[in-house]
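To start, the structure under review is shown below, and the notes come after it.
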Amino acid sequence: MRPSPLLLPALLAGLILPPDVLAAPFAYVPNEKSASVSVIDTATDTVVRTLPGGQRPRGIATDGKHLFISEAPSNSLVVVDIDKAKQVKSIRLGESPEGVSVSADHRLIAAAVEESNSVVVLDARKRKQLAEIKVKGENPEHAVFSPDGRWLLVSAENAEQVDLIDVKARRQVGSIPVGKRPRGIGFTPDGKRAYVACELASTVYAIDMESRKVIAEIKAGTFSNGVTMAPEGGRAYVSNGKDGTVSVIRTTDNQVEATIPVGKRPWNMAITPDGHKLYVANGRSNSVSVIDTRRLEVITEIPVGELPWGVVIN
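If you want it as structure tokens, here you go:
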């Protein structure tokens, strides 16, 4: 027997669920100076919770149930239980860890560790280190899994190449020359191409992963750094730290389609699963700009903590 429509509000009110559980997805923003993680409901574009993130949270990734955050003072990977809003583990990485990524199957975590010039690979379920892999680039900043989990592509501040790690073999197997100071990395969904933003070159390099060669050099704004790929792969979004803009690159012809003003020192970004909203962490504005990707314009700016480093969405 179906309940009367008049009874539905009462039945729903009786469910023992926190109010934010019914909305999804959420954007998680590590605030480096505030030592916190702001949680944004992407349906309303409001901050609905604040989670712990260690003393100085930087890189962030998630498996949907936990946040994995690189924390500078303790040189550790902090694991936060999202539902409990509680730090549940701290795993030693090495001095000055930064970018963190999770494989598509949620089984592996990779963290770039600057001072040791290495990438630490961890078992996400057992939460223990599996390997520490040395790379050629000095001060690695990002280590990003390919969609199939076969490769890790690694960028480093003091480099003019991205390093390629064979995940199964647990070792570096090559390097691909790009511009000065490579930072953000994004893969197309099929894994055939990677887009790398090089800050000092203010250029984005499109890499063919099969040949391991650059196939296009795309001028972005000044000090290009963060890269986020549209879910269907038709666009690469690139933040430009000095200009305070985001460049929109069509992957069909590798041309800049639009340039969108955002806040001060835009850094790392994330896009909703439907591809309709892009969330940009503005480090010096202490805010997140929300871009409507259909209109290619900012629709709101959300205050968060101090010095937001990036965004992950789940």
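The sequence shown maps to residues 11 to 324 in my numbering. Backbone N, C-alpha and C fix where the C-beta goes; we use that ideal spot for every residue, glycine too. Computed from a predicted structure; not experimentally measured.
Under 7 Å Cβ to Cβ from residue i, same chain only, skipping five residues before and after it: list those, please.
| i | result |
| --- | --- |
| residue 316 | 41, 43, 44 and 296 |
| residue 31 | Low per-residue confidence applies at residue 31: pLDDT is 47, beneath 50, and the placement is therefore not dependable enough to give any value. |
| residue 282 | 35, 52 and 323 |
Work out the CA separation of residue j and residue i for me, nearest whole Å.
| i | j | result |
| --- | --- | --- |
| residue 255 | residue 268 | 10 Å |
| residue 95 | residue 137 | 18 Å |
| residue 219 | residue 154 | 13 Å |
| residue 198 | residue 204 | 6 Å |
| residue 223 | residue 207 | 15 Å |
| residue 212 | residue 270 | 16 Å |
| residue 230 | residue 135 | 38 Å |
What are the residues that DSSP puts in a beta bridge with residue i?
| i | result |
| --- | --- |
| residue 138 | 133 |
| residue 196 | 205 |
| residue 161 | 176 |
| residue 5 | Not covered by the structure: residue 5. The range shown for the chain is 11 to 324. |
| residue 304 | DSSP lists no partner for residue 304. |
Here's a check: name, in chain order, each residue in its chain whose Cβ is nearer than 8 Å to the Cβ of residue i, leaving out the five neighbours to either side.
| i | result |
| --- | --- |
| residue 81 | 63, 64, 65, 66, 67, 68, 87, 88, 100 and 107 |
| residue 171 | 146, 147, 185, 186, 187, 188 and 192 |
| residue 200 | 157 and 243 |
Just mark residue i as buried or exposed, buried being the case when its beta carbon has 16 or more other beta carbons within 10 Å.
| i | result |
| --- | --- |
| residue 52 | buried |
| residue 237 | buried |
| residue 221 | exposed |
| residue 9 | This structure cannot settle anything about residue 9, because the visible part of the chain is limited to 11 through 324. |
| residue 196 | buried |
| residue 46 | buried |
| residue 225 | exposed |
| residue 49 | buried |
| residue 105 | exposed |
| residue 313 | exposed |
| residue 70 | buried |
Apart from the five residues just before and just after residue i, which ones in its own chain have a Cβ nearer than 6 Å to its Cβ?
| i | result |
| --- | --- |
| residue 28 | Residue confidence for residue 28 is low, a pLDDT of 47 falling below 50, so the modelled location carries little weight; the figure read from the coordinates is stated next. Closer than 6 Å at Cβ, skipping near neighbours: no residue. |
Consider the Cβ of residue i: report whether some Cβ of chain D lies at a distance smaller than 8 Å.
| i | result |
| --- | --- |
| residue 223 | Included in the structure is just one protein chain, with no chain D present. |
Pairing CB atoms from the stretch 272-288 with CB atoms from the stretch 303-317, are three or more of them under 8 Å?
yes
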